[in-house]
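Going letter by letter, the sequence shown gives residues 44 to 217 in this note's numbering.
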Amino acid sequence: MFEPCNLKSMEYSVDENVPKNTAKGYEKKKGKYVDYTNVDHKWANSAGAILGTSNDLYQFNKCLLEGKLLDSTQLNKMINSTVVFRDLDAEGLEWFYHAIGLGWHLSLDLSGKTTNVSHNGNTAGYNCNIQYELGNSLTIVIAMNLFPSGKYEPVFSTQNQLINTIHEYYKNEK
44 MFEPCNLKSM
54 EYSVDENVPK
64 NTAKGYEKKK
74 GKYVDYTNVD
84 HKWANSAGAI
94 LGTSNDLYQF
104 NKCLLEGKLL
114 DSTQLNKMIN
124 STVVFRDLDA
134 EGLEWFYHAI
144 GLGWHLSLDL
154 SGKTTNVSHN
164 GNTAGYNCNI
174 QYELGNSLTI
184 VIAMNLFPSG
194 KYEPVFSTQN
204 QLINTIHEYY
214 KNEK
């Protein structure tokens with residue numbers, strides 16, 4: 044997986060010793076920041092034991108969604124809806140639809156076509172979110188060195204606001 048995408052700095056964590064230039068990872072506990080940098084992340088396996096940069100994640104995502112890792116049948120299954128949810132927005136005013144593909148959160152247009160795929164995750168000390176617009180290949184990676192202990196909503200809300208701002212800027216630049 045690393046070689047076809049030319050991910051030279053990405054690696055699988057085998058112990059608690061992280062590379063020298065790794066950003067320290069923190070979690071806030073009882074009002075204090077606790078350093079989780081040297082926690083053994085291999086317990087997370089593929090869900091969080093891979094170390095890399097934001098650029099690595101961008102390159103992997105590009106490689107994956109351009110069909111360099113999966114054939115077109117597998118890729119279509121991954122990015123097309125398997126379960127659709129109807130939900131209210133945060134203010135309870137407007138209905139929106141969201142869906143789940145194989146490993147991806149999907150944004151759908153009114154016809155049900157997937158327009159955006161995203162995935163987020165976290166492990167001790169770190170949090171990451173990646174968004175990819177299928178129509179124009181816009182990719183947004185947000186990586187944080189703080190695990191949101193307990194209250195996830197402010198973190199995800201801030202990430203979503205940032206992503207929406209970038210989308211609006213990108214649309215206006217065209």
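Even for Gly, the Cβ is constructed at its ideal location relative to N, Cα and C.
- Alpha carbon to alpha carbon, what distance is there between Thr208 and Lys63? Distance between Lys63 and Thr208, taken at the CA atoms: about 33 Å.
- Look at the alpha carbon of Ser56 and the alpha carbon of Ala186, and state the distance between them as a whole number of angstroms. Ala186 has its alpha-carbon roughly 18 Å from the corresponding atom of Ser56.
- Message: I want to see whether chain B comes within less than 8 Å of Lys75, judged by CB atoms only; does it?
- Response: Although the question refers to chain B, the structure presented lacks it and comprises just one protein chain.
- Task: Give the DSSP bridge partners of His210, in chain order.
- Result: DSSP lists no partner for His210.
- Do you know whose CA, among Asp83, Ile143, Leu108, lies nearest Gly178's CA? Here the closest residue by C-alpha is Leu108.
- Indicate whether Cys171 and Phe103 have their beta-carbon atoms separated by less than 8 Å. Going by C-beta atoms, Cys171 is not nearer than 8 Å to Phe103.
- Cα-Cα separation, Leu189 to Asn81: Leu189 and Asn81: Cα-Cα distance of roughly 14 Å.
- Message: Rounded to whole angstroms, what is the Cα-Cα separation between Asn88 and Tyr212?
- Response: So the alpha carbons of these two residues sit roughly 37 Å apart.
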